[in-house]
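Q:
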Amino acid sequence: MRSILDAIGDTPLIPLRVLGRELPRRILVKCEHLNPGGSVKDRLAKAIVDDAEARGVLRPGMTLIEATAGNTGVGLALVAATRGYELVCVMPEKMSVDKRRVLASLGAEVIITANAPPTSPQNFQNVAKALAAERGWFATDQFQNPVNVQIHADTTGAEILRQVGGPVGAFVAGAGTGGTISGVALAVKQAWPAARIVLADPVGSGLASWVETGEVGPDGSYAVEGIGSSQPPANLHRELIDSAERISDDESFETARRLVAEEGLLVGGSAGTNVAAALRVAARDDIDGPVVTVLPDSWDRYFSTQWMQDWGRRIRK
Ligand code: PMP
């Protein structure tokens, strides 16, 4: 290996042992929390920079700017540190304090914006866009950049096909940018056209209704980080998605807690959302093969969150 970036990808795919053991289909989880930056986002951080360097639009010493829930920022910080770029991350206020601290420790400049809707100039994506234009920084733009979808087709999806080694019944994932679900769907559907692609969406996000009807659902609040939206992102390809499951915060966090305590998988809240949805899909009788999902990030991003404080009540003195 030449740098830590060579350790990105080729993550384990393992069957759940306890959760869903009574169900007719196996659930296989792709351990993206084991990437060097602790999330699925390392893949696209490296791919976007590789692509921009190859096209000659990014040169050493330049500044990268990204609107990020945190994980893409960590991935980009690893790339920036190993390749000699500056990094600015624009992050909505709702994201955990742990993520801010991690990014600042990695040498990134962190700009916190209000929790504003996509139509507002204060929205984190709009702030990043404006700064990129104003300062001449390179916008990695995970929400629009097609490299995001392509890298998941070429790596995450291809690895899943190889690791399953046979038919895939369903692939289940939440969507932040949509890169993971769209890219994996492309690869899996090409190999196994009968595979069902299911969006795991937080209650309060409008994307589940959009998948079902083409109309975005009402905008509500929820605490799971990194997934769901009140506006479909460009990298979420609706035509590849067959159905959606709505998962409440309580169900997501309880499932994440069980993944940690009962499966030894040290994951964050959106892994709980994905596995809760996968459990529903694995109970369906129209699924032919294992149900595959991703564990997008690591629990260490969430130690300060309210939902994780509640786990500590089990400590007796
Ligand atoms: N979970 C978490 C914790 C994330 O940070 C993200 C990315 N925003 C996702 C899931 C969703 O990944 P994608 O952007 O590929 O849809």
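The sequence shown: position 126 = 126 (UniProt numbering), numbered continuously.
Here a beta-carbon is modelled for each residue, glycine too, at the ideal position from N, C-alpha and C.
Just so we're clear, the structure is a prediction, and the values are computed from it rather than from any experiment.
1. Just list the residues that DSSP pairs T113 with in beta bridges.
2. With DSSP as the reference, please indicate the residues paired to P202 in a beta bridge.
3. Counting pairs of beta carbons, one from the region 220–231 and one from the region 258–275, are three or more of them closer than 8 Å?
4. Between the region 125–144 and the region 20–31, are three or more C-beta pairs nearer than 8 Å?
5. How is R196 classed by DSSP in three states: helix, strand or coil?
6. M62 to D300, Cα distance in whole Å?
7. Would you mind stating whether A77 and L106 have Cβ atoms separated by less than 8 Å?
8. Since A67 sits in a beta bridge, which residues does DSSP pair it with?
9. For A173, which three-state DSSP category applies?
10. According to DSSP, is V267 part of a helix, a strand, or is it coil?
11. To which residues does DSSP link S298 through a beta bridge?
12. State yes or no: is the C-beta of I247 nearer than 7 Å to some heavy atom of the ligand PMP?
13. Contact between the region 137–148 and the region 198–215 is defined here as three or more beta-carbon pairs at a separation below 8 Å; is this criterion met?
14. Return the CA-CA distance between Y222 and S248, expressed in angstroms with no decimal places.
15. Report the option in A261, E245, E239, G269 whose CA atom is closest to the CA atom of S252.
16. So what does DSSP say about L19, is it helix, strand or coil?
17. Let me know the beta strand (DSSP E) ranges lying completely inside the region 18–50, each 3 residues or longer, listed in chain order.
18. If contact is defined by three or more beta carbon pairs under 8 Å, each pair taking one atom from either stretch, is the region 155–163 in contact with the region 30–43?
A: Looking at the atomic coordinates:
1. Bridge partners of T113: P92.
2. DSSP output for P202 lists I247 as bridge partner(s).
3. The region 220–231 vs the region 258–275: in contact.
4. Cβ pair count under 8 Å is below three, so no.
5. DSSP places R196 in the strand class (E or B) of the three-state scheme.
6. Distance from the CA of M62 to the CA of D300, rounded to the nearest whole angstrom, comes to 30 Å.
7. Taking 8 Å as the cut-off, the beta carbon of A77 is found closer than this to the beta carbon of L106.
8. According to DSSP, which records beta bridges pairwise, A67 is partnered with V90.
9. Under the three-state reduction of DSSP output, A173 falls in the strand class.
10. V267: strand per DSSP, three-state reduction.
11. For S298, which the question treats as bridged, DSSP gives the partners V267.
12. Distances between the C-beta of I247 and the heavy atoms of the ligand PMP are all 7 Å or more.
13. Cβ pair count under 8 Å is below three, so no.
14. Distance between the alpha carbons of Y222 and S248 is about 8 Å.
15. Ranked by how close their Cα comes to the Cα of S252, the residues A261, E245, E239, G269 have G269 in first place.
16. Under the three-state reduction of DSSP, L19 is assigned to coil, being neither helix nor strand.
17. For the region 18–50, the full-length beta strand (DSSP E) segments reaching 3 residues or more read 27–30 along the chain.
18. Touching, per the Cβ criterion.
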